[in-house]
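This report refers to the structure that appears directly beneath it.
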Amino acid sequence: MSSPDRLQNANPQLYGRTSEREVTPEELNEDVEDAIDAREIFDLVRSINDPEHPLTLEELNVIEQSRITVDEDNNHVSVEFTPTIPHCSMATLIGLSIRVKLLRALPTRFKVDVHITPGTHQSEHAVNKQLADKERVAAALENQHLLEVVNQCLSTRN
Amino acid sequence: MAALSGNVQENVLEFVQGQQDSALQSVAKAVFDGETSLLQLVESLGSSLTSTEVTTRARATQLLAEVLHRSPSNRLTEKEAEVLSAFFCDRLLDHHSVQPHVLHGLLALSAAPQLPQGEEVKIVQVIFKEVYVQSLVQTDRRAIYNILANFLDTRLEALQALGADFVWGFIQAMDGEKDPRNLIIAFSIARIVAQAFPIGTFTEELFEVISCYFPIDFTPPADDPHGVTREDLVLGLRQVLAATSKFAQFCVPMLLEKLSSDVTSAKLDSLHTLAACAEVYGADSMKSFLDLLLSAISKEVYSSIHQDVENAALAGLTAVVATLSHAVTETRSVFSLHHFLDSLLKGCKHHLCEPELKLMWPSAKLLQAAARASDPACVHVLDTAVPLLVEQFQVHPYPQHRHTILEVTIAFIHVAHASTSGTDAPNPVVPHSDNFLTLFYSVLEDADAGLRSSGVGGMAAMIGITDVVKGKHLDLCANHLGRLVLHDADPTVQRRSTEALAAMATAHPDVVREEVLSKLLQVLENNNPNAMDTNQSEQVCAKHVTNQYVLNTLAAVSTHPTIVRCTIPKLLSHLQALIESCPDQATQEAIATLDCVYKVVEKTVINDANVEYFVDTIVLNLMSMALSAAVNTSDENLLHDTSLLEIVAKVLRAVARSLPNSTGKGIVNSTVQAFLQGNLAAISLNTSASFEPLDVSSPWQQTQTVQLLSAIVCSVARNVDIPSISELAQKLLTLSCASDHEPTSLAAAKSLSGVVNKWDQGEQLQTFLQETRDCLEQILSKTEDEKARCRAVAVLVWLTKALVIRGHPSGSQFTKTLMALFEDEAIGRRAAEGFYVILSDSPDVLSKESHANIRLMYKQRFFMENLPALVDGFNQADDGRKQSFLCAVSHLLTFIPRQVLLGALPPLVPLLVQSLLGEDPSLQVSTLEMFSSLVQEAPQVISKNIDALIPQLLELSKNGPTMKVRMAALKSVGSMTSLPHAVVYPYRNRVVRELAVAVGDKKRMVRKEAVAARGEWFLLGSPGGK
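Which chain is which? The protein sequence lines are A and P, in order.
Mapping the first sequence onto UniProt numbering, position 70 (from 1) lands on 70, and the numbers just tick up by one.
Mapping the second sequence onto UniProt numbering, position 477 (from 1) lands on 477, and the numbers just tick up by one.
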């Protein structure tokens, strides 16, 4: 699908990687309850692979910790992502990958909201609508080819 | 000529007429034994060989060929060989059912040295003329290839006379070959043909008939009996393609074409083949393809998806540039090399100007691959790239971009480092070294820590190349590094500077000593506890420069004997100063100082000159410091601290292990004198105080020094005798069983085990062991005192270890005594934990480094001897008492080599699953970890037990008592996804559903494992997954 000749953005800008989260004494204490925070969500999605490049969403700055909010009391997680270029046709696919990852990695009590950073994509509204529609997401994952691409984005590279 | 003996004649008839294959054996044996000659056999076969019946002729020929194969080659005479050769050549024209046997016979002849000159040409000619190779079955085709291969091997010159006819004949023979076994032979023939024959007009035909197999697409069937792998074929074919430069004009376009395919293996094979061919083809043959090659290779690197392809493309580029560089030295012009490099540089240049973008890195990699090829190439690339990078560095103000530029620059230096080792020409970096160093110096004061760290890395890379950084630059570098170590606030910069200094200290010890060492030692002196007050006023150093930090740096830098001789005396006097100061604040620092001494010793004790030096300084000084503290129990002393004493012992041990025998002997004697007789003068300590460390009634400050005794006595080479061994052992036994001071009793037990391990076999030892075991059993069964019983268990465990590792026959009795304690309520668990001590490698006594008497494979033997008893014990014990047995089994399993474990495993798995049901978290964790590793090593065993395992693991992942248990359970669950699909897939939905609980665990670290495991299970059987 992503033949090198048809890369939409062959030479994207690169960003550094955040270092691993340091383990605190509280996290080692059996009795303390660790809340799910923005950094934890960030750690879940930052290693998702970009569908075009052998790079992660973090390295392309598609995902930033500051654009993630968690409201544990109301069981709500919101993730904003920023496509590398405003006409990126992979935006929906990237959004879908993030959604699926969180679906698999978060407790079911959470409601997850994935959308494009306002003003960074030309069909922002349409993509957001697609991503917010539960049934369309479910239908998309019935598509074996699409599921394959999503799974590749979510596989860990060594 | 005598006729055949009746018996043989009968067998011949039996074989030919009666179609009895078994008759062959006896005929062959008759010929083998020399009872019958080959010609006699031919004669007797005469009528059959010329019979009008095809089957009879075929049988007769077959008999002849088989006998020929089975008779020793030296039995054949030249005459016989000639006759047989003529006969077989003639028979090739016969019926197609006779032909295979004829070929079989020719194959035997082709290996015979007696075959007269000239026959090989005849045979080859008739084969090429009369046999249509590809219509034969696989074995017959193989016979032909083998005949050709044999002749090419032994009679190459004769065949060369055939010239182009041979080439053409071979082309026709192998055209269309499909069997991989035959192809392996055909490829090796083709390689010789291409190299040794005038392929001239047939070059393209030969290339066609070979290249149609490229790229090899072959997957051997499972349980393939022939053992031909894809790799064999790929390499065979590659050798043919790289056989002659005549192939270049056909091969390079083909490689370019296959490179453009989407199949990864085709790309890889093309690139690897290009790398193999480039050198053979030479610059002239490659000339017309250079532009195409460059663009194809660049494309692969720029759009790399697979790391392998990228690496192969870079290796291909290196090979091409190396070939072009070769031409420079051989012929007149550097034109093509420079032209090629220039077009590469042209393509990469503008990417080097965009450090914020992705393609900066692949461009740099391309240039580095080209530079790696040869010195001229390296010089040329650096000439263009270095000024450009330096300029870009000035243009780009952002630290992150500058950082990228620096890292790329450093990578270039590393390439240059590899390029000229051992040649006379100066390193290609030399002309740029001022540029580089100025660049690196300029960032050392930068506000961005990443930049400073890169600057240090750059300096380290430059220093790493011999003779590039010289004179004042060397001093300057050392100065900068020294300053960064002491004044930079960023830990990474500190670490990298220290590493760079350490590397520098090995190559230029004098410079480091002059420029850096004094400053470090100065800090240590200023921070001296005696000079506490001045510390505040002298605000020379950054906050991080604690004494601990300086000590670590000193330890890292002390790599060279020159430096070691400066640091060690300072460290020792620093320690002495600490001891004399107020003890309450100084303990930590004294520990750090001793640790530093230990690190230096450990790193440099390999050097023989250092060992003697260490004995004179460290051992004597530390020993007398410690013992004079021990005899003076009225004043508090830093060295009364047990943990401090332990490090002293560690240092002494490190020296004692490396001592030569003569020195070792002296030091053991004086140590034993001091400890056994209280003769402190033996270690040059002048005091009248009484020293009786092995007496239970002595104060603990004295008895705990038994550690130092074992550090020396149990660490020297094995053939250094221990004086008064019997008395020493007896006293150690008493001390270890009776001392209330826990460190003392443990140290005494360890000392005892070290002594017993080295004690020569004999009556003395036997008596001691007998008495000791009785004594221990007495304590264990009769005493009520819990503490005394615990001490006895420890002594028993350590003695068992000493005996088991040397393979002493008493070892099994001691083990039995130990196992008898497992059901004891109070000390059973402690006894079972002893199995850990027995099998694990202890860092102090009884280790290989301490020259312990260790028998090969004692762990296996121990395992085999004790497993059955443990399993029995487990099955018979009451429910509450099973834990000790499980614990011991678990320790056994952890330490034995995997091969032994795999053999013994199947009956143990249910036992292990049961241990998961218990309530002992540490046991659960170790069992779970074992399951995780067994999934890789013994998938069949785990697969068989999966029905019992998965529910248990899921249960623990949800409700495990500690987070460690839950995490280990989740890891095991995740690892199971690598088991055969059919085994695990049925559990997919259940695992995915139940892990939903674990991803909501209250502990973050558990959630992390749960997410990883659940992700793997989600991918199971899903498209794009596994």
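Note that the Cβ used here is the ideal one computed from N, Cα and C, for glycine as well.
**Report entry** Integer Cβ distance of residue 810(P) from residue 769(P), believed to fall under 8 Å
**Finding:** On the second sequence, position 810 is the one that residue 810(P) refers to. On the second sequence, position 769 is the one that residue 769(P) refers to. 5 Å between Cβ atoms; contact.
Report task. Would you kindly work out how many angstroms separate the C-alpha atoms of residue 998(P) and residue 953(P), rounded to a whole number? Result -> Taking the second sequence and counting its residues from 1, one reaches residue 998(P) at position 998. Taking the second sequence and counting its residues from 1, one reaches residue 953(P) at position 953. Spanning the two alpha carbons is a distance of roughly 12 Å.
Report task. Report the rounded CA-to-CA distance for residue 121(P) versus residue 234(P), giving the unit in angstroms. Result -> Here residue 121(P) refers to the residue found at position 121 when the second sequence is read from its first residue. Here residue 234(P) refers to the residue found at position 234 when the second sequence is read from its first residue. A straight line joining the alpha-carbon of residue 121(P) with that of residue 234(P) spans about 31 Å.
Query - Cut-off 7 Å between Cβ atoms - residues of its own chain near residue 846(P), not counting five sequence neighbours on either side - result: Against the second sequence, residue 846(P) aligns to sequence position 846. Cβ within range, chain order: 753, 754, 757, 801, 802, 805 and 852.
Query raised in the report: Quick one: is residue 359(P) near chain A, going by C-beta distance under 7 Å?
Result: Position 359 of the second sequence, counted from the start, is the residue given in the question as residue 359(P). Taking Cβ atoms only, chain A reaches closer than 7 Å to residue 359(P), which makes this a yes.
Query raised in the report: Smallest Cα separation from residue 229(P): which of 216(P), 240(P) and 478(P)?
Result: Along the second sequence, read from residue 1 onward, the residue named residue 229(P) stands at position 229. Checked all of 216(P), 240(P) and 478(P); the closest Cα to residue 229(P) is 216(P).
Query raised in the report: Closest Cβ-Cβ distance between residue 139(A) and chain P: below 7 Å?
Result: Along the first sequence, read from residue 1 onward, the residue named residue 139(A) stands at position 139. Taking Cβ atoms only, chain P never reaches closer than 7 Å to residue 139(A), which makes this a no.
**Report entry** residue 165(A) in three-state terms, based on DSSP
**Finding:** Given a span of 1 to 158 for chain A in the structure shown, any question on residue 165(A) remains unanswerable.
Report task. Within its chain, find whatever has a CB closer than 6 Å to the CB of residue 521(P); leave out the 5 residues flanking it on each side and keep chain order. Result -> Start at 1 with the first residue of the second sequence, and residue 521(P) comes out as number 521. Hits under 6 Å: 570.
Report task. Just grab the DSSP bridge partners of residue 357(P) for me. Result -> As a working note, residue 357(P) is residue 357 in the second sequence. Per DSSP, 13(A).
**Report entry** Test: residue 976(P) CB closer than 7 Å to a CB of chain A
**Finding:** By 1-based counting over the second sequence, the position of residue 976(P) is 976. Chain A contact via Cβ: absent.
Query - Neighbour flag for residue 104(A) against chain P, beta carbons, 7 Å - result: Numbered from 1 along the first sequence, position 104 holds the residue referred to as residue 104(A). Chain P, which has a Cβ nearer than 7 Å to the Cβ of residue 104(A), makes this yes.
Query raised in the report: Where does residue 111(A) sit, in a helix, a strand or coil, going by DSSP?
Result: Start at 1 with the first residue of the first sequence, and residue 111(A) comes out as number 111. Residue state, collapsed to three classes: strand.
Requested in this report: Would you list the residues sitting across from residue 22(A) in a DSSP beta bridge?
Outcome: The residue you call residue 22(A) lines up with position 22 of the first sequence. Looking at the DSSP output, residue 22(A) bridges to nothing.
Query raised in the report: Can you list the residues of chain P that residue 93(A) reaches, using a CB-CB cut of under 8 Å?
Result: For the purposes of this step, residue 93(A) is taken as residue 93 along the first sequence, with counting starting at 1. Per Cβ cutoff of 8 Å: no residues; residue 93(A) is ~13 Å from chain P at best.
Report task. Write down every uninterrupted run of the alpha helix (DSSP H) in the segment 60-148 of chain P whose length is 4 residues or greater and which is fully enclosed by it, in chain order. Result -> 78-91, 99-110 and 119-130
**Report entry** Bounding residues of the beta strand (DSSP E) (the contiguous stretch that carries residue 80(A))
**Finding:** For the purposes of this step, residue 80(A) is identified with residue 80 of the first sequence, where counting begins at 1. Here the beta strand (DSSP E) through residue 80(A) covers 76-81.
Query raised in the report: Is it buried or exposed for residue 201(P), if we count other Cβ within 10 angstroms and need 16 for buried?
Result: Within the second sequence, numbered from 1, the residue matching residue 201(P) stands at position 201. Exposed: under 16 other Cβ atoms inside 10 Å.
Query raised in the report: Which residue from 45(A), 127(A) and 21(A) puts its Cα closest to that of residue 156(A)?
Result: Taking the first residue of the first sequence as position 1, residue 156(A) is located at position 156. Distances from the alpha-carbon of residue 156(A) to those of 45(A), 127(A) and 21(A) put 45(A) closest.
Requested in this report: Identify the continuous alpha helix (DSSP H) that holds residue 36(A) and give its terminal residues.
Outcome: Numbered from its first residue, the first sequence carries residue 36(A) at position 36. Following the DSSP letters along the chain, one finds residue 36(A) in no alpha helix (DSSP H), marked with neither H nor E.
Report task. Report buried or exposed for residue 1028(P), applying the criterion of at least 16 other Cβ atoms within 10 angstroms of its Cβ. Result -> Because chain P in this structure spans residues 1 to 1026, residue 1028(P) falls outside the shown range and cannot be described.
Requested in this report: Could you name the residues of chain A that residue 999(P) contacts, counting a contact when the two beta carbons are closer than 7 Å?
Outcome: As a first step, residue 999(P) is located in the second sequence; it is residue number 999 there, counting from the start. By Cβ distance, chain A contributes 105, 106 and 107.
Query raised in the report: In chain order, what residues of the same chain have a beta carbon less than 6 Å from the beta carbon of residue 100(A), not counting five sequence neighbours either side?
Result: Translated into positions along the first sequence, residue 100(A) becomes position 100. Closer than 6 Å at Cβ, skipping near neighbours: 150.
Query raised in the report: Smallest Cα separation from residue 251(P): which of 195(P), 231(P) and 208(P)?
Result: Translated into the one-based positions of the second sequence, residue 251(P) becomes position 251. Checking every option, the nearest Cα to that of residue 251(P) belongs to 208(P).
Query - is_contact[residue 118(A), chain P] using C-beta, thresh 7 Å - result: Numbered from its first residue, the first sequence carries residue 118(A) at position 118. False, the Cβ-Cβ gap to chain P never drops below 7 Å.
**Report entry** chain P residues whose Cβ lies nearer than 7 Å to that of residue 34(A)
**Finding:** The residue labelled residue 34(A) in the question sits at position 34 within the first sequence. Going along chain P in sequence order, the residues near residue 34(A) (Cβ under 7 Å) are 1002, 1003 and 1004.
Query raised in the report: Sorted by chain position, which residues of the same chain lie with C-beta nearer than 6 Å to residue 285(P)'s C-beta, five sequence neighbours on each side aside?
Result: As a first step, residue 285(P) is located in the second sequence; it is residue number 285 there, counting from the start. Same-chain partners within the cutoff: 245 and 248.
Query raised in the report: How big is the Cα-Cα spacing for residue 765(P) and residue 693(P)?
Result: The residue you call residue 765(P) lines up with position 765 of the second sequence. The residue you call residue 693(P) lines up with position 693 of the second sequence. About 23 Å.
**Report entry** 6 Å Cβ shell around residue 150(P) - same chain, five flanking residues per side excluded
**Finding:** By 1-based counting over the second sequence, the position of residue 150(P) is 150. Only 110 and 111 meet the Cβ criterion.
Query raised in the report: Counting contacts by CB-CB distance shorter than 7 Å, is residue 1039(P) in contact with chain A?
Result: Limits of chain P in this structure are 1 at one end and 1026 at the other, which puts residue 1039(P) out of reach.
Query raised in the report: For residue 976(P), which of 594(P), 1017(P), 732(P) and 478(P) has the nearest alpha-carbon?
Result: Reading the second sequence from its first residue, position 976 is the one you call residue 976(P). Per the Cα distances, 1017(P).
Report task. Answer with yes or no whether the minimum CB distance from residue 11(A) to chain P is below 7 Å. Result -> On the first sequence, position 11 is the one that residue 11(A) refers to. Chain P, which has a Cβ nearer than 7 Å to the Cβ of residue 11(A), makes this yes.
Query raised in the report: Ordered along the chain, which non-local residues of its own chain (more than five positions away) have a Cβ less than 8 Å from that of residue 533(P)?
Result: Mapped onto the second sequence, residue 533(P) falls at position 533. The predicted model places residue 533(P) with a pLDDT of 42, which falls under 50 and marks its position as unreliable; any figure quoted below should be read in that light. So no residue of the chain qualifies.
Report task. Could you give the DSSP three-state label for residue 216(P): helix, strand or coil? Result -> Within the second sequence, numbered from 1, the residue matching residue 216(P) stands at position 216. Coil.
Requested in this report: Count the other C-beta atoms from every protein chain shown that fall within 10 angstroms of the C-beta of residue 1021(P), then say buried if there are 16 or more, exposed otherwise.
Outcome: As a first step, residue 1021(P) is located in the second sequence; it is residue number 1021 there, counting from the start. Exposed.
Requested in this report: Kindly confirm or deny that the segment 654-662 of chain P and the segment 727-736 of chain P touch, where touching means at least three C-beta pairs closer than 8 Å.
Outcome: no
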